[in-house]
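Chains as they are written, first to last, in my numbering: chain A, 709 to 967; chain B, 1144 to 1412. Cβ coordinates follow ideal geometry from the N, Cα and C atoms, glycine included.
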């Protein structure tokens, strides 16, 4: 087990990557504090982790609210006595409008969640990690910063800022043995992509298999990575296997983009 | 120590450039995770003690004296590994050469670049080529195989006096991405691990040399260089080797064509 008794916070626990990260961590022996806005998602994953024999707590958390971020960190400390790992998976998606048309208030909201929300939650854990002499912080970034596409400017811009912020934090927190790294997923086979393919099928008649094959053909390994495969990169950065790695970004995309 | 047992159960790995430093740490890291190991180095004496350590971990080890610039030696290594261990799932290209780094580029002699280019590029690619059929076989059977190139911080953050070495590793990095593209459909992944300064005898010699040039203590040089990293620390081979294990294992099943800097945050990729 790679994360035996590590005390881990995962934000943005829903049906997709957040859940898979929490389950992968539990499989590797970690205890989990789960945060998300939606109580029902939290309860589902809470139950699954409990069934795996690991300790788990959860707290409804909107990361744009500093008090709720503090409460999630405190819940982890109260339950397990400290915080070893924080995974930032919570995000706001794009509004899919061209820059020249979009109301920048929409971009500000995306930035509030993806950048400032993540930074607020980071602030909540730093004192605890400093006190105990170290920790690992992992940001879930996105291939959108490597492969710019139209209509996702707000999301891409927020993730670009988040990458730079992660490197600043790595530099500032390194002397406290707090490591800060990013994983950069590309396409991920999970509920949201599955839903997107189904929608395409009903709207355009394009079969789900056709959609899959079209995307997989651009991926070096010839398949769309699953969200549980992607979660294993977070396991690596959370674990002591990466004890001398900080400030790095690891692209987890089946080889669609090389970095 | 972190329990990695099971990550490479039933797998066999070829590790080149096995001596007392990085090669040894990689071989032991992979063996602890369950892999049998074929060790390669030019001198049998540098491998034999490591093979013994691998066996003490309960894994099989075979030593094949190999100069990777010799195609026949590479072929013998691949054949012996496959015959003795039954398969090759993982190839770690750790063997390298660097030019004599005491001389500046002034009065440059192109011959000085030949060793790093011959060994680090063509030697590595030659060994990789003869391992590919075995890796393909393993990938077809188990759903994946892995090639890991050990590159260097110097690729992105050049150090004076090591132009040939840095250039050779940059070429290798690009070649690795081409191989990732070509071998991806066969589910062979190709990634690079780029260490920074690695604690050990060569680094001590380097620090001594700088200390001599500047008339300060070698310890002060070490502290100065460690302070350039986000984690103010110089990594040991044992701290770097787990990154190789990650790329060798199924944990990175969907990762190919990437470089991971393992340098305490000296540079940020």
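Residue i, DSSP secondary structure in three states
i, result
"residue 1263/B", "helix"
"residue 719/A", "strand"
"residue 1393/B", "helix"
"residue 829/A", "helix"
"residue 1237/B", "coil"
"residue 1243/B", "coil"
"residue 1338/B", "strand"
"residue 889/A", "strand"
"residue 905/A", "helix"
"residue 1256/B", "helix"
"residue 1376/B", "coil"
"residue 1332/B", "strand"
"residue 847/A", "strand"
"residue 951/A", "coil"
"residue 932/A", "coil"
"residue 1292/B", "strand"
"residue 816/A", "helix"
"residue 1299/B", "coil"
"residue 1169/B", "helix"
"residue 805/A", "coil"
"residue 1278/B", "helix"
"residue 875/A", "helix"
"residue 1385/B", "helix"
"residue 1231/B", "coil"
Straight-line gap, residue i to residue j (C-alpha atoms, nearest Å)
i, j, result
"residue 954/A", "residue 1405/B", "8 Å"
"residue 742/A", "residue 761/A", "16 Å"
"residue 778/A", "residue 1325/B", "48 Å"
"residue 858/A", "residue 1411/B", "27 Å"
"residue 1229/B", "residue 1155/B", "8 Å"
"residue 1251/B", "residue 1260/B", "16 Å"
"residue 1192/B", "residue 781/A", "48 Å"
"residue 1399/B", "residue 1355/B", "42 Å"
"residue 1357/B", "residue 1370/B", "18 Å"
"residue 803/A", "residue 828/A", "23 Å"
"residue 967/A", "residue 1402/B", "6 Å"
"residue 1188/B", "residue 1202/B", "20 Å"
"residue 728/A", "residue 1386/B", "22 Å"
"residue 908/A", "residue 895/A", "16 Å"
"residue 1248/B", "residue 1304/B", "7 Å"
"residue 875/A", "residue 1213/B", "43 Å"
"residue 1360/B", "residue 1349/B", "12 Å"
Cβ-Cβ distance between residue i and residue j below 8 Å
i, j, result
"residue 987/A", "residue 965/A", "Because chain A here runs from 709 to 967, residue 987/A falls outside it and cannot be looked at."
"residue 744/A", "residue 772/A", "no"
"residue 796/A", "residue 847/A", "yes"
"residue 1206/B", "residue 1182/B", "yes"
"residue 731/A", "residue 756/A", "yes"
"residue 1197/B", "residue 1234/B", "no"
"residue 1157/B", "residue 1220/B", "yes"
"residue 845/A", "residue 888/A", "yes"
"residue 1408/B", "residue 862/A", "no"
"residue 962/A", "residue 927/A", "yes"
"residue 725/A", "residue 939/A", "yes"
"residue 1374/B", "residue 1340/B", "no"
"residue 1391/B", "residue 1289/B", "yes"
"residue 739/A", "residue 764/A", "yes"
"residue 1194/B", "residue 1166/B", "no"
"residue 1338/B", "residue 1302/B", "no"
"residue 1384/B", "residue 1169/B", "yes"
"residue 1299/B", "residue 1331/B", "no"
In DSSP terms, what residue i is bridged to
i, result
"residue 1201/B", "Beta-bridge pairing links residue 1201/B to no other residue."
"residue 842/A", "In the DSSP output, where bridge partners are listed per residue, residue 842/A has none listed."
"residue 743/A", "719/A, 767/A"
"residue 1206/B", "1182/B"
"residue 960/A", "893/A"
"residue 795/A", "718/A, 846/A"
"residue 1403/B", "1336/B"
"residue 1159/B", "1183/B"
Partner residues on chain A for residue i, Cβ-Cβ distance less than 7 Å
i, result
"residue 1411/B", "875, 878, 955, 956"
"residue 1382/B", "951, 952"
"residue 1389/B", "944, 949"
Amino acids of chain B, ordered along the chain, whose beta-carbon sits closer than 9 Å to that of residue i
i, result
"residue 798/A", "Per Cβ cutoff of 9 Å: no residues; residue 798/A is ~22 Å from chain B at best."
"residue 941/A", "1389, 1394, 1395, 1397, 1398"
Chain-ordered neighbours of residue i on chain B, where CB pairs are closer than 7 Å
i, result
"residue 914/A", "In chain order: nothing, as chain B lies at least about 24 Å away."
Contacts that residue i makes with chain A (C-beta to C-beta distance below 8 Å)
i, result
"residue 1281/B", "What residue 1281/B touches in chain A: nothing, since even the nearest Cβ is about 15 Å away."
"residue 1376/B", "952"
"residue 1386/B", "949, 950, 953"
Proximal chain A residues relative to residue i, where beta-carbon distance stays under 9 Å
i, result
"residue 1404/B", "953, 955, 956"
"residue 1271/B", "In chain order: nothing, as chain A lies at least about 17 Å away."
Closer than 7 Å: residue i CB and nearest the ligand NAD heavy atom
i, result
"residue 1307/B", "The ligand content of the structure shown is nil, which means the ligand NAD is not present either."
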